Amino acid sequence: MPTIADVARLAGVSRAVASRALSADKRPVSQDKRERVLAAAEELGYRANLLAQSLTTKTVNLIAVVVNHIHDLSDLDLFDLLLAEIQVAGKQTVLIRVGSEEKVGEFLRSGIAYHVDAALVFSDFADAATVRRMFRSDLVVMLNGRHDRLSPVVIPDEAAGIGEAVADAAAKGVKRASLVTGRATSQVERARIASYRSAFERHGIELVLTEQGDYSYHSGHALAARLTGRDCPQAIFCTSDAMAMGILDACRADFPGNRPTRFRLYGFDNISLLDFDAYPISSIGYDKAAYVERILQILADPPGEGEIAPDLIPSRYVPRLTG
87 MPTIADVARL AGVSRAVASR ALSADKRPVS QDKRERVLAA AEELGYRANL
137 LAQSLTTKTV NLIAVVVNHI HDLSDLDLFD LLLAEIQVAG KQTVLIRVGS
187 EEKVGEFLRS GIAYHVDAAL VFSDFADAAT VRRMFRSDLV VMLNGRHDRL
237 SPVVIPDEAA GIGEAVADAA AKGVKRASLV TGRATSQVER ARIASYRSAF
287 ERHGIELVLT EQGDYSYHSG HALAARLTGR DCPQAIFCTS DAMAMGILDA
337 CRADFPGNRP TRFRLYGFDN ISLLDFDAYP ISSIGYDKAA YVERILQILA
387 DPPGEGEIAP DLIPSRYVPR LTG
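Numbers given in this note's numbering equal positions in the sequence shown, counted from 1, plus 86.
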């Protein structure tokens, strides 16, 4: 098998330069030398020995991504972008599905741990202190609202986008609305619901019914009949686009040409599917590229000791035909 020394010799550079050119090392390498090293590595069929690198750098180039589960369509948009950017940075991911608070306890009781360089925590079943106990890394980036003063946190600032969506409904004459939520035990969801309630009150809209789904298409579809009976509200707001899609499909007769007749429909997350004709649902979103970029910045340059202020990514209302 070719070695790094063979690559360096063929490229006409030192072994140290070849090593830096083939890694995510922050130290600079000129573009000319990098290209020569990459060409030499390809010609020789060289593959880096990740175990040897980890012994030298004390890193394993693994990032844990901790989730509850993946059945919300918004997860697909976000994680595809996130995993791609982590790989561009020269690292790989291990995806850990928690699923429940009991599962977190099982991780701790059984001593299951992963040696990773950092953990990105989307699951709302674990707080920052617990996650630090689960992994052999102090770099735990909290994305679920359950952070503490020691953990970096990146979360969308959802109140602005929610306020814009509710203002849009009020401007169109909406006086009565229903809200379809996700799991109320989630801190992020509780804050989201509070923002909706505050916006409804501010714009004089009566919240006549609140139903709980689970962010899935199925739950929205199942709740549609209960939400759109004889006492149908003038607008239905959902805390995920997938639930709004389920309602739209169950009530297609109320949306000829995708335009509302009995009630207006608003989703949340602004997933990519909404840009197609089948589901032109008004939604609330944030710049996922900026969100991922900030996460990658923290991984590349972790904050120092001391209290860490949350990074807030602004949200916005995205109008479409159903609104």
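By construction, the Cβ of each residue, glycine as well, lies at the ideal position given by its N, Cα and C atoms. Remember, it's a predicted structure, so these values are computed and weren't measured experimentally.
So what does DSSP say about residue i, is it helix, strand or coil?
i, result
"L141", "Caution applies to L141, whose pLDDT of 42 falls short of 50 and renders its modelled position unreliable; the value that the coordinates give is listed next. Helix, per DSSP."
"S284", "helix"
"A395", "coil"
"D210", "coil"
"L236", "coil"
"Y303", "helix"
"I370", "strand"
"R133", "coil"
"Q182", "Note on identity: in this sequence residue 182 is Ile, with Gln being the wrong assignment. Of the three classes helix, strand and coil, the one that applies to I182 here is strand, per DSSP."
"D118", "helix"
"I156", "coil"
"Y403", "strand"
"S272", "coil"
"V151", "strand"
"A364", "coil"
Judging by CA-CA distance, which residue of the options is the nearest neighbour of residue i?
i, options, result
"L309", "H289, A386, M331 and I291", "M331"
"F208", "R219, L164 and D243", "L164"
"R122", "R95, V294 and I172", "R95"
"L124", "M87, A97 and A150", "A97"
"S223", "A107, A364 and P388", "P388"
"A255", "S100, T408 and D92", "T408"
"R133", "V152, Q117, A104 and V153", "A104"
"R278", "T296, D300, E244 and A311", "E244"
"R269", "A364, V217, M329 and S368", "M329"
"V152", "H201, N344, D118 and V217", "V217"
"R312", "C337, G353 and S326", "C337"
"D327", "I357, G390 and K261", "I357"
"V260", "I291, T271 and T267", "I291"
Out of curiosity, what's the CA-to-CA distance linking residue i and residue j?
i, j, result
"V174", "L385", "13 Å"
"T142", "V115", "Interpretation of T142 is limited by its pLDDT of 47, a score under 50 that renders its predicted location unreliable; no figure is taken from the coordinates."
"A263", "A170", "39 Å"
"R350", "H155", "30 Å"
"R276", "G131", "53 Å"
"V294", "G306", "17 Å"
"G231", "A364", "33 Å"
"P319", "S281", "19 Å"
"M228", "P242", "12 Å"
"L359", "L334", "13 Å"
Check whether chain B comes within 8 Å of residue i, counting only Cβ atoms and requiring the distance to be less than that.
i, result
"L148", "Absent from the structure is chain B; it holds one protein chain and no more."
Exercise. Would the segment 235–253 and the segment 172–182 be scored as touching if the rule is three or more Cβ pairs under 8 Å?
Worked result: Output reads no: the segment 172–182 does not touch the segment 235–253.
Problem set entry | Segment contact flag, the segment 400–407 with the segment 363–375, C-beta cutoff 8 Å, min 3 pairs | yes
For this session: Could you pull out every unbroken alpha helix (DSSP H) segment of at least 4 residues lying fully inside the segment 321–362, listed in chain order?
Result: 327–336
Exercise. Is the segment 240–251 touching the segment 277–295 in the sense that three or more CB pairs, one from each, lie closer than 8 Å?
Worked result: yes
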